[in-house]
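S.K.: Quick note: the sequence shown uses my numbering, first residue 55, plus one each step. Could you have a look at this structure, given as structure tokens, before my questions?
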Amino acid sequence: MTTMTPVSEIAQRARTTLIAFPLGIYALSRLVQLLLLWWMAPDDKIRDRLLAWDGGHFVRVAEEGYPAGYSYDVDGHLTGNGLAFFPGYPMTVRFVHYLTTLEYGTSAITVSWIAGAVAAVLLCALGTRLYDERTGLALTALFCVQPMSMALSMGYSEALFTAFVVGMLLCAHRGAWLLAGVLGLLAGLTRPTGAAAAIALVVAAGIAVYRRWKDLQVHADAMGPEGGTQRADVMAASEGGKQVRADAMAMSEGDRQVRADAKAASEGDRQVRADAVGSTGGDGDVARSGSAGSTREGIWKPILGAVIALVGVPAYLLWVGLRVGDLHAWFDIQTAGWGTTFDYGDSTLTFLHDAFKAGDGWIQVSIAWMVLAVIAAAVIAVVRRVWAPLTVYGLIVLVLVLGQAGYYHSKPRLLVPALLILVPPAVALGRARPRTAGLVLAACGAFGLWYGSYLITVWHYAI
């Protein structure tokens with residue numbers, strides 16, 4: 055019979071925490087969401103609700119491909135069409151359809167559900183890596199129950215996009231730059247806000263390149279004329295430090311065993327985090343190498359990864375422009391079909407003014423309060439110095455969503471992948487008593503899941 059070492063036992067338990075728990079949270083949230091849909095729209099098919107509005111466009115693109123050019127109404131006015139939708143999600147839907155022979159609509163829902171589960175697991179791993187396990191679990195729970203987390207169950211691209219973005223951030227944090235670049239590229243081919251992910255990877259790569267350049271300088275100094283003396287001094291200091299630590303750790307065998315167990319727990323937890331997202335390293339824990347070759351490798355890989363990620367969004371916009379014969383085509387289609395233009399927040403400010411001064415509907419007022427809440431959460435995240443690439447990504451998403459004109463009732467959905475705005479409450483819940491955190495998350499879940507169900511059943515407008 056094989057016996058497990060204390061480290062492997064702890065690693066197994068932590069691995070369960072980082073995979074089984076977030077999957078359980080995600081599955082429970084989706085089950086409650088479906089029950090609410092069934093309760094609130096008994097006369098409608100749940101499947102039809104999950105494929106409503108933009109879901110229909112995604113399914114048509116997956117099934118029929120993209121239009122050849124502009125579309126016009128009977129009066130000759132430009133209208134929106136499938137070219138407005140980035141290819142990452144519909145092409146994945148098409149792949150699942152070919153792989154499983156499921157109907158295109160069912161394939162679309164399947165992709166979202168699976169991608170949402172992947173995003174939940176990766177987000178828990180990211181939160182654990184940046185903070186601790188409780189914060190990681192709280193971050194996952196908030197992501198799964200936030201208002202309009204309903205989009206994670208629908209024929210929309212938010213779930214797949216979030217999975218790509220979180221995977222990219224994890225890879226960047228552990229130093230897997232080429233994989234991070236590929237995931238950033240896929241995010242850029244899934245939603246226009248993939249530009250925010252690419253810029254975040256540029257920031258992460260810039261930090262890593264700077265640190266490795268400093269390593270190269272230190273290596274060059276150590277190899278200089280005085281290098282031998284410097285290395286001898288460093289070794290002497292190291293030996294002295296070892297002796298001091300040995301003296302400080304002299305204790306009874308029982309105490310040493312306790313400390314060894316604690317160290318094993320720490321190592322097991324650290325190892326499981328590494329197993330969930332790769333070996334430790336990356337922007338937060340870069341292993342400093344004394345080799346000039348490895349340091350130079352640590353410079354070109356982050357740069358290449360960032361360049362790969364930057365290609366995604368411009369590539370699709372250029373493809374649409376060449377297909378239509380107008381490089382501004384994608385923006386024109388967005389404006390014609392959905393009223394989407396970047397007006398530097400003027401429409402959002404007007405909406406807030408009207409909602410708080412004379413709002414005549416509770417949806418309008420509730421979304422106005424949500425906008426203020428996400429702005430406040432973003433400010434708190436900046437003040438508390440959340441990991442820089444995550445901060446940059448979240449802030450750019452926030453600017454893109456709140457800085458553009460468009461349907462105000464779509465903003466809660468567009469903010470689902472923002473992530474940064476969930477970090478401050480997740481950190482607070484991670485530090486709270488388990489009972490308090492559980493009650494708060496239950497309350498958030500009850501409201502958030504009901505809110506999403508209401509908006510796609512009772513509310514008569516697109517989300």
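C-beta: ideal position from N, C-alpha, C; glycine also.
On the criterion of 16 or more Cβ atoms from any shown chain inside 10 Å, does ARG183 qualify as buried, or is it exposed?
M.R.: Around the beta-carbon of ARG183, 16 or more other beta-carbon atoms lie within 10 Å, marking it buried.
S.K.: Can you list, in chain order, the residues of its chain with a C-beta nearer than 7 Å to that of ALA432? Leave out the 5 residues immediately preceding and following it.
M.R.: GLY448, LEU449, LEU452, LEU474 and ILE475
S.K.: Are there three or more Cβ pairs, one per stretch, closer than 8 Å when the region 147-156 is compared with the region 193-206?
M.R.: With fewer than three CB-CB distances shorter than 8 Å, the region 147-156 does not count as touching the region 193-206.
S.K.: Would you call GLN388 buried or exposed, if buried means 16 or more other Cβ atoms sit within 10 Å of its Cβ?
M.R.: buried
S.K.: Between the region 107-115 and the region 227-234, are three or more C-beta pairs nearer than 8 Å?
M.R.: no
S.K.: Can you list, in chain order, the residues of its chain whose CB lies under 6 Å from that of VAL374, leaving out five sequence neighbours each side?
M.R.: Cβ-Cβ distances below 6 Å link VAL374 to LEU137, ALA383 and TRP384 in the same chain, with the five nearest sequence neighbours on each side left out; the list follows chain order.
S.K.: Measure from the alpha carbon of THR146 to the alpha carbon of each residue in TYR370, GLN418, ASP400 and LEU243, then state which is nearest.
M.R.: LEU243
S.K.: Going by other Cβ atoms of all chains shown within 10 Å of its Cβ, with 16 needed for buried, is LYS355 buried or exposed?
M.R.: The Cβ neighbour count for LYS355, taken over all protein chains shown within 10 Å, is at least 16; the residue is labelled buried.
S.K.: CA-CA distance, GLY229 and LEU454?
M.R.: 28 Å
S.K.: Apart from the five residues just before and just after ILE353, which ones in its own chain have a Cβ nearer than 7 Å to its Cβ?
M.R.: VAL263, ARG266 and TRP267
S.K.: Rounded to whole angstroms, how far is the Cβ of PRO121 from the Cβ of ASN135, which I believe are closer than 8 Å?
M.R.: 5 Å
S.K.: In angstroms with no decimal places, state the Cα-to-Cα distance between ALA369 and VAL425.
M.R.: 31 Å
S.K.: Between the alpha carbons of GLY391 and GLY457, how many angstroms are there, rounded?
M.R.: 18 Å
S.K.: So is THR247 buried or exposed if we call it buried at 16+ other beta carbons inside 10 Å?
M.R.: buried
S.K.: Can you give, in chain order, each stretch of the alpha helix (DSSP H) that sits fully within the region 416-456 and has at least 4 residues?
M.R.: Scanning the region 416-456 from its first residue to its last, the whole alpha helix (DSSP H) runs of 4-plus residues come out as 416-437 and 442-456.
S.K.: Taking just the CA atoms, how far does ALA274 sit from PHE405?
M.R.: 58 Å
S.K.: Taking DSSP as the reference, what is the three-state secondary structure of TYR515?
M.R.: coil
S.K.: Just the Cα atoms here: how many angstroms apart are GLU118 and THR490?
M.R.: 50 Å
S.K.: Excluding five sequence neighbours on each side, which residues of the same chain lie with their C-beta closer than 8 Å to the C-beta of LEU105?
M.R.: VAL113, GLY159, ALA162, ILE163, MET208 and GLY209
S.K.: Measuring CB to CB, does ALA435 end up less than 7 Å from VAL477?
M.R.: yes
S.K.: Does the beta-carbon distance from ALA213 to LEU206 come in below 7 Å?
M.R.: yes
S.K.: What residue from GLY181, ARG188 and LEU82 has the CA that sits closest to PRO488's CA?
M.R.: ARG188
S.K.: Does the distance from the CB of ALA173 to the CB of THR216 come in under 7 Å?
M.R.: yes
S.K.: Helix, strand or coil for PHE140? Go by DSSP, reduced to three states.
M.R.: If DSSP states are grouped into helix, strand and coil, PHE140 belongs with coil.
S.K.: List the endpoints of the continuous alpha helix (DSSP H) containing ALA241.
M.R.: 231-242
S.K.: Let me know the secondary structure DSSP gives THR394 once reduced to three states.
M.R.: coil
S.K.: So for TYR508, helix, strand or coil by DSSP?
M.R.: helix
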